[in-house]
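The numbers in this note's numbering rise by one with no breaks, and the one at position 143 of the sequence shown is 143. First up is the structure itself, then whatever we jot down about it.
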Amino acid sequence: MTLADWVAESREGFEEYGAVGGARESLYELYVGGLRRLNRRYPGAENVFDRDWDVLLLLDACRVDLVEQVADAYGSAYPFLDRPGELVSVGSSSIEWIERTFADERRAEMRNTAYVTGNPFSHRVLDGDDLLRLDEVWRYAWDDDAGTIPARPVTDRAIAAERDLNPDRLIVHYMQPHFPSVPDPLGGGMNSETLGEGAGWEDPWDRFRRGELTFERVWRSYGANLRYVLDDVALLLRNLDADRVVLSADHGNAAGEWGVYGHPKVPHPKIRRVPWYVTAGEDTGEYEPNLDPPERVVDGEGDGDEAIQDKLSALGYL
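Pasting the structure below:
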């Protein structure tokens, strides 16, 4: 963020939140802006391609302790959460993770990797020639009512990729538990009329920071969204064959630690430390994925660019 950007946002903050609230918003952005300058210096980061796995199931914006709590409370429903571990992510945000994971020096590995993703940032870095298969599910399975890409179409396409291609490596990038929470939305999701206009949904981490929501309320919604996507992970694991499946995340979230909320591009341990659970998959053939042709595809050209920006805005990125 440039000085001009900060001044402009500060002015908007004073108009929206008044003198005290506007000053608080301005100082927070100034503080986070200072932390951003240190982000590349975070120690110990590992590219996931340097670890051993056949299938990587990537949860978006998932904290280590959130998975631990769900595993403790609901372990019988998610028996694959029995081999916990951690990784220091290469990025504090999805775009950083994608840029630094699919780097130029990884071209040989990428050509043998299929990537099924619900995260719209893929369009800024990748194209179909970069990977064995690039399936950008967010382009055609976006849910206006939920304001996000649901888990099931990602699961369906991941099953199809594994059965059709049997790739050396498969990365499946779910959008949950990143807000908005599908089962427990806080303020409702975005829709086609409000998408990208800042109406209908605000990032719960920002609302928590401003005192509009309690930590307990945000954490409950966050946990419900994790359980929602883990239900699909359980289905996926019963419908693909893989000896070594890893459940991880692109980044985590801060919940007020160091005065930071959400996942700005800062060197924060709650954002950079992510789960690393090792399990396996066995295709029982019990489920046939829904692979009906999409009704509408965002092509990334012309009006498509605006639609992509709207989706990123709906997720709180812009």
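Cβ atoms here follow ideal geometry from the backbone N, Cα and C, with glycine treated the same way. The model shown is predicted, which means the values in this text are computed figures rather than measured ones.
DSSP-derived helix/strand/coil call for residue i
i	result
Thr279	strand
Thr214	coil
His178	coil
Ala114	strand
Arg157	helix
Asp129	helix
Ser192	Any reading at Ser192 must be qualified, since the residue scores a pLDDT of 38, below 50, and its modelled position is unreliable; the value itself is stated next. DSSP places Ser192 in coil when its eight states are reduced to three.
His351	What the structure shows of the chain is the stretch from 1 to 318, and residue 351 is not part of that stretch, so it cannot be assessed.
Leu291	coil
Glu29	helix
Ile308	helix
Val298	coil
Buried or exposed by the 16-neighbour rule on C-beta atoms within 10 Å, applied to residue i
i	result
Asp107	The question names Asp, but residue 107 in the sequence shown is Arg. The residue is exposed, with fewer than 16 neighbouring Cβ atoms inside 10 Å.
Gly75	exposed
Phe215	exposed
Gly316	buried
Arg101	The sequence shown places Thr at residue 101, rather than the Arg named in the question. Buried: at least 16 other Cβ atoms inside 10 Å.
Arg83	exposed
Trp258	exposed
Cutoff 8 Å; reference residue i; Cβ partners in own chain excluding five residues on either side
i	result
Asp325	It is not possible to answer for residue 325, since the shown part of the chain is limited to 1 through 318.
Asp127	Leu134
Min CB distance residue i to chain C below 8 Å
i	result
Arg63	No chain C is present in this structure, which holds just one protein chain.
Opening and closing residue of the beta strand (DSSP E) in which residue i lies
i	result
Glu86	86-88
Val55	55-60
Contact set for residue i: own chain, Cβ-Cβ below 7 Å, skip 5 residues either direction
i	result
Ile95	Phe121, Arg124
Ala307	Val298
Leu3	At Leu3 the pLDDT is 46, less than 50, meaning the model places this residue with poor confidence; the figure from the coordinates comes in the next sentence. If we look at Leu3 and ignore the five residues flanking it on each side, it has no Cβ neighbours.
Ile271	Ser92, His251, Gly252, Asn253, Ala254, His263
Pro228	Residue identity check: residue 228 is Tyr in the sequence provided, not Pro. Closer than 7 Å at Cβ, skipping near neighbours: Ala151, Gln176, Val182, Pro183.
Asp203	Phe179, Gly262, Gly316
First and last residue of the uninterrupted alpha helix (DSSP H) at residue i
i	result
Ser94	94-101
Ala73	64-74
Own chain, CB closer than 6 Å to residue i, minus 5 neighbours either side, in chain order
i	result
Leu131	Met110, Thr113, Tyr115
Thr279	Phe80, Val245
Asn239	Ile159, Asp283, Tyr287
Val67	Pro275
Subject >> Ranges of the alpha helix (DSSP H) found wholly within the segment 200-258, counting only runs of at least 4 >> reply: 204-209, 215-237
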